[in-house]
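Colleague: Chains as they are written, first to last, in the numbering used here: chain W, 4 to 191; chain P, 4 to 191. C-beta: ideal position from N, C-alpha, C; glycine also. The following block contains the structure, expressed as structure tokens.
Structure (structure tokens):
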């Protein structure tokens with residue numbers, strides 16, 4: 004599961020939407036936008052899940068400390084994604100995370116995060132997708148892809164109204180709504 | 004190199020910045036923001052490169068058709084990232100791209116892209132980082148990480164004023180400016 008901290012509604016609307024949709028597409032079970040509510044983002048993400056399937060959930064407004072406390076109480080571990088952490092490419096941090104065999108909560112910040120995120124009271128691991136400043140959306144995507152060893156891109160999403168049929172050229176979508184299972188699309 | 008198409012200054016400012024910074028951090032040589040200029044983004048990206056090193060370039064305002072034409076003239080191939088394309092996880096598309104042994108231009112769209120992007124006149128490959136709608140920033144990140152087989156996260160950036168020293172806890176940065184090479188940071 005992903006915890007998104009520090010969302011600022013005006014500034015971060017599209018970015019947080021992208022973080023949530025990337026989390027869904029790359030295998031996370033859900034995302035909690037902590038400490039704030041943003042109904043527009045929830046509507047967008049829920050609408051994508053309704054059309055494209057799966058059971059991804061989007062919650063919001065829960066204090067981050069409560070999410071962390073509950074996660075720990077349930078036996079899960081916490082990974083904080085930060086450029087300052089152990090490099091996922093040069094350290095053995097991913098092996099150590101996997102060897103714990105626990106459910107993982109991934110924290111992605113936005114603006115400057117509280118110092119506590121780095122401490123043992125919050126994070127079990129501080130992980131850098133490269134030690135360069137870049138993007139929480141990109142970092143989350145690479146982390147999930149590596150964590151799931153690419154299997155997340157092979158899964159199908161249950162109860163999808165719409166399913167893309169991969170093509171070398173053009174667009175093709177299968178729809179469950181149109182005449183049970185119509186395939187439509189534009190070949191370019 | 005990355006071609007970013009369809010940037011809308013008000014709506015996409017942060018997202019395009021994240022796309023550019025992810026491109027830099029994950030091994031691309033540069034990014035061209037086509038058909039439009041956005042000086043704020045250029046300033047941000049150039050400032051990151053100045054502080055954190057490397058030779059990443061950010062160009063803007065060049066028509067996408069010219070970028071494509073010039074790239075092809077120089078013998079490069081073009082990959083269009085799109086949810087409708089061949090799934091990078093289930094098809095052999097990445098092997099086919101690598102086997103061409105050419106420089107790669109990655110096109111990342113934003114809003115609805117021109118149909119031409121899917122055609123042979125523009126793209127050699129249409130690649131999906133999963134066939135789900137998500138984020139061009141996330142897609143680019145996973146594509147680059149897989150294309151470079153993770154080596155991009157191990158490289159150092161030349162002429163950096165600032166370098167992060169990876170830590171299990173806290174933040175540590177080495178600065179070339181402060182007394183040749185001072186290490187500062189806050190242990191949390």
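In the DSSP assignment, what residue or residues form a beta bridge with residue 18(W)?
Modeller: Answer is none; residue 18(W) lacks a bridge partner.
Colleague: What does the alpha-carbon distance come out to for the pair residue 98(W) and residue 149(P)?
Modeller: 18 Å
Colleague: Over the uninterrupted beta strand (DSSP E) stretch that includes residue 194(P), give me the two end residues.
Modeller: Limits of chain P in this structure are 4 at one end and 191 at the other, which puts residue 194(P) out of reach.
Colleague: Span of the alpha helix (DSSP H) holding residue 142(P)?
Modeller: That run of the alpha helix (DSSP H) goes 139–150.
Colleague: DSSP three-state label for residue 116(W), please.
Modeller: Correct three-state label for residue 116(W): coil.
Colleague: At 3 residues or longer, what runs of the beta strand (DSSP E) sit wholly inside the stretch 32–72 of chain P?
Modeller: Entirely contained in the stretch 32–72 of chain P, the beta strand (DSSP E) runs reaching 3 residues are, in chain order, 33–37, 60–65.
Colleague: For residue 136(W) and chain P, any beta-carbon pair shorter than 8 Å?
Modeller: Yes, residue 136(W) counts as interfacial toward chain P.
Colleague: State the DSSP-derived secondary structure class of residue 130(P), mapped to helix, strand or coil.
Modeller: strand
Colleague: Using a Cβ-Cβ distance cut-off of 8 Å, determine whether residue 69(P) contacts chain W.
Modeller: no
Colleague: Should the stretch 39–57 of chain W be regarded as contacting the stretch 6–17 of chain W, the criterion being three or more beta carbon pairs within less than 8 Å?
Modeller: yes
Colleague: Helix, strand or coil for residue 163(W), going by three-state DSSP, please let me know.
Modeller: coil
Colleague: To the nearest angstrom, how far is it from the Cα of residue 48(W) to the Cα of residue 55(P)?
Modeller: 34 Å
Colleague: Could you check the C-alpha separation between residue 133(P) and residue 93(W) for me, to the nearest Å?
Modeller: 26 Å
Colleague: Using the Cβ count rule (16 or more neighbours within 10 Å means buried), how would you classify residue 142(W)?
Modeller: buried
Colleague: Using the beta-carbon of each residue, which ones in chain W are nearer than 9 Å to residue 21(P)?
Modeller: In chain order: 18, 21, 137, 138, 139, 140, 141.
Colleague: Provide the residue span of the alpha helix (DSSP H) that contains residue 97(P), from first to last.
Modeller: 96–102
Colleague: Got a sec: which bits of the stretch 21–54 of chain W sit with their beta carbon under 8 Å from any beta carbon on chain P, in order along the chain?
Modeller: Taking a C-beta cut-off of 8 Å against chain P, the contacting residues of the stretch 21–54 of chain W are 21, 22, 24, 25, 27, 28, 29, 51, listed in chain order.
Colleague: Output, in chain order, the set of chain P residues within a Cβ distance shorter than 8 Å of residue 169(W).
Modeller: Chain-order list of chain P residues neighbouring residue 169(W): 87, 88, 89, 90, 93, 94, 131, 134, by C-beta distance under 8 Å.
Colleague: Is there a Cβ of chain W sitting closer than 8 Å to that of residue 192(P), yes or no?
Modeller: Residue 192(P) is absent from the model: chain P starts at 4 and stops at 191.
Colleague: Starting from residue 177(W), find everything on chain P with Cβ-Cβ shorter than 8 Å and list it in chain order.
Modeller: From the beta-carbon of residue 177(W), no residue of chain P is found nearer than 8 Å; the closest lies around 11 Å away.
Colleague: Which residues does DSSP list as the beta-bridge partners of residue 26(P)?
Modeller: According to DSSP, which records beta bridges pairwise, residue 26(P) is partnered with nothing at all.
Colleague: Do residue 70(W) and residue 37(W) have their CB atoms nearer than 8 Å?
Modeller: yes
Colleague: Round the Cβ separation of residue 116(P) and residue 9(P) to the nearest angstrom and send it over; I've been treating them as touching at under 8 Å.
Modeller: Their Cβ separation, rounded to whole angstroms, is 7 Å, which keeps residue 116(P) and residue 9(P) in contact under 8 Å.
Colleague: Along chain P, which residues have their Cβ under 9 Å away from the Cβ of residue 180(W)?
Modeller: By Cβ distance, chain P contributes nothing, its closest Cβ being about 17 Å from residue 180(W), past 9 Å.
Colleague: Relative to the C-alpha of residue 139(P), which candidate in 74(W), 21(W), 119(W), 6(W) has its C-alpha closest?
Modeller: 21(W)
Colleague: In chain P, what lies closer than 7 Å to residue 145(W) by C-beta?
Modeller: 144, 145, 148
Colleague: When the Cα of residue 87(W) is compared with those of 129(W), 137(W), 11(W), 178(W), which residue comes out closest?
Modeller: Nearest C-alpha to residue 87(W): 129(W).
Colleague: Kindly give me the distance between the Cβ atoms of residue 110(P) and residue 122(P), rounded to whole angstroms, as I take these residues to be in contact under 8 Å.
Modeller: In fact, because the Cβ distance is near 12 Å, the residues do not count as touching under 8 Å.
Colleague: Output yes or no for whether 8 Å exceeds the beta carbon distance between residue 79(P) and residue 105(P).
Modeller: yes
Colleague: Residues in the same chain with beta-carbon distance under 7 Å from residue 25(P), minus the five sequence neighbours each way, listed in chain order, please.
Modeller: Within its own chain, the residues whose Cβ lies closer than 7 Å to the Cβ of residue 25(P), once the five positions on either side in sequence are excluded, are 140, 143, 144, listed in chain order.
Colleague: Using DSSP with H/G/I as helix, E/B as strand and the rest coil, what is residue 180(P)?
Modeller: coil
Colleague: Give me the Cα-Cα distance between residue 157(W) and residue 179(P), rounded to the nearest whole angstrom.
Modeller: 45 Å
Colleague: Using DSSP with H/G/I as helix, E/B as strand and the rest coil, what is residue 174(P)?
Modeller: strand
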